[in-house]
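Undergrad: All you need for our numbering is the position in the sequence shown, starting with 1, plus 1.
Every residue gets a Cβ at the ideal spot worked out from N, C-alpha and C, and that includes glycine.
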Amino acid sequence: MSFFNYDFDRPVIEDTDIFSIEWMDLQREYYNSNTVYRRFHCTLIQQLNQRTFLDMILKSKASKNEDRFYAVLPQSEYKSDLLTSKHEVGQWNINTITSVKLKLYEIMNTRDKLNLLFWSGNNKSSNVGLILPTFATSTLALDASTDCLTEHRCNFNLYNPFTIKLRQTTIDSRKKKSQESSFQYYLSLKPLEYYTLGSGIHGFLGPDNTTYYSQEKVNPEKIPLYRCHQIIDLNDAHADLEAQLDIVGIPSFKSKFLSWKFDGTPLDCCIFLIGNPVKNKWILDHRRFLLDPDDSDVWVHQRIEDYTTPLSSYRFLSV
2 MSFFNYDFDR PVIEDTDIFS IEWMDLQREY YNSNTVYRRF HCTLIQQLNQ
52 RTFLDMILKS KASKNEDRFY AVLPQSEYKS DLLTSKHEVG QWNINTITSV
102 KLKLYEIMNT RDKLNLLFWS GNNKSSNVGL ILPTFATSTL ALDASTDCLT
152 EHRCNFNLYN PFTIKLRQTT IDSRKKKSQE SSFQYYLSLK PLEYYTLGSG
202 IHGFLGPDNT TYYSQEKVNP EKIPLYRCHQ IIDLNDAHAD LEAQLDIVGI
252 PSFKSKFLSW KFDGTPLDCC IFLIGNPVKN KWILDHRRFL LDPDDSDVWV
302 HQRIEDYTTP LSSYRFLSV
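1) So what's Ile233 in DSSP terms, helix, strand or just coil?
2) Check for me: the alpha helix (DSSP H) holding Ser100 runs from which residue to which?
3) For a test of the three-state rule: what should DSSP assign to Ser179, helix, strand or coil?
4) In the DSSP assignment, the beta strand (DSSP E) including Tyr160 goes from what residue to what residue?
5) Relative to the C-alpha of Asp209, which residue among Asn116, Leu246, Arg289 is closest?
6) May I ask you to report which of helix, strand or coil DSSP gives Tyr79?
7) Indicate whether Ile248 and Leu198 have their beta-carbon atoms separated by less than 7 Å.
8) For Pro75, count neighbouring Cβ atoms within 10 angstroms of its own Cβ and tell me buried if that reaches 16, exposed if not.
9) Rank Arg112, Lys280, Trp120, Asn220 by C-alpha distance to the C-alpha of Leu141 and give the top, closest one.
10) Go ahead and label Tyr195 buried or exposed: buried means 16 or more other beta carbons lie within 10 angstroms of its beta carbon, across all protein chains shown.
11) With three or more C-beta pairs closer than 8 Å as the rule, is the stretch 160–171 touching the stretch 65–81?
12) Sort Ser297, Ala244, Cys270 by Cα distance to Pro278 and report the nearest one.
13) Starting from the N-terminal side, write out each stretch of the beta strand (DSSP E) that is 3 residues or longer and does not extend beyond the stretch 54–79.
14) Name the DSSP bridge partner or partners of Ser127?
15) Here's the rule I'm using: 16 or more other beta-carbon atoms within 10 Å means buried, otherwise exposed. How should Arg304 be labelled?
16) Using a threshold of 7 Å, state whether the C-beta atoms of Ile108 and Val101 are closer than that.
17) Give the DSSP-derived three-state secondary structure of Arg52 in the structure shown.
18) Arg228: buried (16+ other C-beta within 10 angstroms of its C-beta) or exposed?
19) From the DSSP secondary-structure annotation, give me the bridge partner or partners of Trp300.
20) Considering only C-alpha positions, which residue in the set His287, Leu59, Asp68 is nearest to Ser146?
21) How should Ile275 be labelled, buried or exposed, when 16 other C-beta atoms within 10 angstroms of its C-beta is the threshold for buried?
22) If we count the other Cβ atoms within 10 Å of its Cβ and call it buried at 16 or more, is Lys62 buried or exposed?
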């Protein structure tokens with residue numbers, strides 16, 4: 002007598018918003034719904050489905066962070082480009098999840114780097130924009146998509162290695178010798194299209210998922226954070242903070258697909274930056290803005306080719 006029966010011909014459950022394991026547990030708790038079979042089916046399908054490289058390495062239950070590379074790299078497309086010996090991985094100084102992400106930004110292809118960036122800025126992730134480097138320190142949402150890029154609608158050149166690049170700031174040789182080992186990580190990012198926040202009233206979702214409206218870019222509660230990240234200048238007592246800062250929305254796909262207004266798409270596949278365009282210093286913004294491409298008074302559509310200066314990529318400053 003079999004312990005259980007599993008129908009492999011049953012269609013795969015793909016709507017994770019409705020049929021996720023968490024949702025099934027909630028149904029069972031509040032509605033006394035018998036979801037044991039559906040939960041088992043969903044769990045097994047998740048294990049059988051092909052997982053992305055990012056999903057495997059960042060959701061790994063390895064006891065040591067460096068063990069993520071030992072376990073996953075040999076199974077990935079990067080195995081031929083990287084040696085995964087204990088000696089080499091040990092030289093990477095992988096001791097925190099942030100160091101894991103920084104190494105991934107260094108070794109992955111353009112597509113996976115962008116997926117990691119959009120995962121870090123996803124509206125379901127937490128601690129977004131609080132700790133430098135903001136592109137590697139947010140707490141990743143386990144139920145967020147780890148692949149939101151498709152070639153036919155992508156807002157980035159996936160074949161250009163300089164589309165997204167991990168860099169370090171140069172060291173001033175005039176600094177003291179004790180400071181020579183300090184440096185800053187940052188990403189240079191070049192989308193094909195993006196949106197800047199205009200002068201109109203914009204909407205954003207609060208932590209309670211309530212929609213709020215404002216005409217100001219600066220969140221007064223975050224001024225110490227902006228100052229710590231050196232994206233504003235408070236030396237001038239009469240400095241206009243609203244004039245110093247700008248907010249940019251970068252979707253993962255081109256504007257013609259954004260204007261289709263798929264439910265939830267702007268929230269799931271768009272990151273927002275707040276920063277100083279003069280200094281070209283930007284960090285991920287924690288706010289979940291409601292980007293409406295049809296409202297040109299609020300969100301101004303921009304293209305990289307509109308720039309005449311050589312410096313046309315956004316830079317996430319970090320320490």
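TA: This is what the structure gives:
1) Mapped onto the sequence shown, residue 233 falls at position 232. Residue state, collapsed to three classes: coil.
2) Translated into positions along the sequence shown, residue 100 becomes position 99. Segment 98–108, the alpha helix (DSSP H) holding Ser100.
3) As a first step, residue 179 must be located in the sequence shown, where it is residue number 178. Unreliable positioning characterises Ser179 in this predicted model, as indicated by a pLDDT of 44, which lies under 50. The coordinate reading is nonetheless provided below. Helix.
4) Residue 160 sits at position 159 when you count from the first residue of the sequence shown. For Tyr160, no beta strand (DSSP E) encloses it, and the DSSP letter there is neither H nor E.
5) Position 208 of the sequence shown, counted from the first residue, corresponds to residue 209. Ranking Asn116, Leu246, Arg289 by Cα distance to Asp209 puts Arg289 first.
6) By 1-based counting over the sequence shown, the position of residue 79 is 78. Coil.
7) Taking the sequence shown and counting its residues from 1, one reaches residue 248 at position 247. Taking the sequence shown and counting its residues from 1, one reaches residue 198 at position 197. For the pair Ile248 and Leu198, the CB atoms are nearer than the 7 Å cut-off.
8) Along the sequence shown, one-based indexing puts residue 75 at 74. With fewer than 16 other Cβ atoms within 10 Å, it is exposed.
9) The residue given as residue 141 occupies position 140 in the sequence shown. Minimum Cα distance to Leu141 is reached at Trp120.
10) As a first step, residue 195 must be located in the sequence shown, where it is residue number 194. Burial call: buried.
11) no
12) Here residue 278 is taken as the residue at index 277 of the sequence shown, counted from 1. Out of Ser297, Ala244, Cys270, Ala244 has the C-alpha closest to the C-alpha of Pro278.
13) none
14) As a first step, residue 127 must be located in the sequence shown, where it is residue number 126. Answer is Thr140.
15) Translated into the one-based positions of the sequence shown, residue 304 becomes position 303. Exposed is the call here.
16) Position 107 of the sequence shown, counted from the start, is the residue given in the question as residue 108. Position 100 of the sequence shown, counted from the start, is the residue given in the question as residue 101. No, Cβ-Cβ distance for Ile108 and Val101 is not below 7 Å.
17) As a first step, residue 52 is located in the sequence shown; it is residue number 51 there, counting from the start. Residue state, collapsed to three classes: coil.
18) The residue labelled residue 228 in the question sits at position 227 within the sequence shown. Answer is exposed; the Cβ neighbour count stays below 16.
19) The residue you call residue 300 lines up with position 299 of the sequence shown. Looking at the DSSP assignment, Trp300 forms a beta bridge with Leu198.
20) Locating residue 146 in the sequence shown gives position 145, where the first residue counts as 1. Answer by Cα proximity: Leu59.
21) For the purposes of this step, residue 275 is taken as the residue at position 274 of the sequence shown. Ile275 should be labelled buried.
22) For the purposes of this step, residue 62 is identified with residue 61 of the sequence shown, where counting begins at 1. Under a 10 Å Cβ-count criterion, Lys62 is classified as exposed, with fewer than 16 other Cβ atoms of the shown protein chains found around its own Cβ.
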